[in-house]
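Colleague:
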Amino acid sequence: LERGHTLNGIAELAEAFEHGRDVADVLGVGETPTEETPVRLSPEELADHFAGEVTPENLAAALDLGYLAVDGDTIVHISRRLLDVSTTLVREGVPLATVLEAGRQVRVHAEALATLFLET
Numbered sequence: 005l006e007r008g009h010t011l012n013g014i015a016e017l018a019e020a021f022e023h024g025r026d027v028a029d030v031l032g033v034g035e036t037p038t039e040e041t042p043v044r045l046s047p048e049e050l051a052d053h054f055a056g057e058v059t060p061e062n063l064a065a066a067l068d069l070g071y072l073a074v075d076g077d078t079i080v081h082i083s084r085r086l087l088d089v090s091t092t093l094v095r096e097g098v099p100l101a102t103v104l105e106a107g108r109q110v111r112v113h114a115e116a117l118a119t120l121f122l123e124t
């Protein structure tokens, strides 16, 4: 109640939970997020996705952001969807460094937004 929830809203959520309904439907947020599908790539395949943009700086940034991980001789990208979108942006002329910086900024803003909700 201190966070602005009404008793009726809380009761509706509890009832939905008891009857196995999806809380996302009750809250009106549509589909629940899906699990991301990681993609295993050779270094050559990664280079093919980002023609000429795979530099030590961009690799370091992608590793730092957690978009890439190294597993032996294989590179693992965390998300098929994110890989496809970033590949398209680079092919349309957006530098990979710009795409990675945008990802970093999205994370900063998302964390700030989450902090706002935690403080209220």
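Numbering follows the working numbering, in which position 79 of the sequence shown is assigned residue number 83; successive positions increment by one, without gaps.
From the three backbone atoms N, C-alpha and C, an ideal C-beta is built for every residue, glycine too.
1. Could you say if the region 97-108 and the region 55-65 meet the contact criterion of at least three C-beta pairs nearer than 8 Å?
2. In the DSSP assignment, find the unbroken beta strand (DSSP E) run with Asp-75 in it and report its ends.
3. Measuring straight from C-alpha to C-alpha, what distance separates Leu-5 and Glu-19?
4. Grouping DSSP H, G and I as helix and E and B as strand, with all else coil, what is Thr-41?
5. Could you tell me whether the Cβ atoms of Thr-78 and Leu-45 are closer together than 8 Å?
Modeller: Quick answer:
1. Yes, the region 97-108 touches the region 55-65.
2. Position 71 of the sequence shown, counted from the start, is the residue given in the question as residue 75. Here the beta strand (DSSP E) through Asp-75 covers 72-75.
3. To locate residue 5, count along the sequence shown from 1; it is residue 1. To locate residue 19, count along the sequence shown from 1; it is residue 15. Caution is warranted here: a pLDDT of 46 is assigned to Leu-5, below 50, making its placement in the model unreliable, and the coordinate value is therefore given only provisionally. Leu-5 and Glu-19: Cα-Cα distance of roughly 17 Å.
4. For this step, residue 41 is matched to residue 37 along the sequence shown. The answer is coil: DSSP assigns Thr-41 none of H, G, I, E or B.
5. As a first step, residue 78 is located in the sequence shown; it is residue number 74 there, counting from the start. As a first step, residue 45 is located in the sequence shown; it is residue number 41 there, counting from the start. Cβ atoms of Thr-78 and Leu-45: closer than 8 Å.
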